[in-house]
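Residue numbers (the numbering used here): 12 to 73.
A quick write-up on the structure given underneath.
Written as structure tokens, this is what we have:
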């Protein structure tokens, strides 16, 4: 990652030397959870629940 021969836009992995350099300059690496997945799961489950309730009500009326 901190290789001076890296081209612009090239992705490299984070190695031990990179972690050490980040530690020296005071940066912390931590995983940040994505909010999109749980939100999409909740939305999908909510839609399925509403569809189930509507279908159940329709079957009870008939």
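Where is the CB? At the ideal position from N, CA and C, for every residue including glycine.
Which stretch, first to last residue, makes up the alpha helix (DSSP H) that contains residue 35?
Taking the chain shown and counting its residues from 1, the one referred to as residue 35 is at position 24. 27–36 is the extent of the alpha helix (DSSP H) around residue 35.
By alpha-carbon positions, which one of 72, 20, 14, 18 ends up nearest to residue 27?
Walking along the chain shown from the start, residue 27 turns up at place 16. Ranking the options by Cα distance to residue 27, first place goes to 14.
Grouping DSSP H, G and I as helix and E and B as strand, with all else coil, what is residue 53?
On the chain shown, position 42 is the one that residue 53 refers to. Note: residue 53 maps to helix in three-state DSSP.
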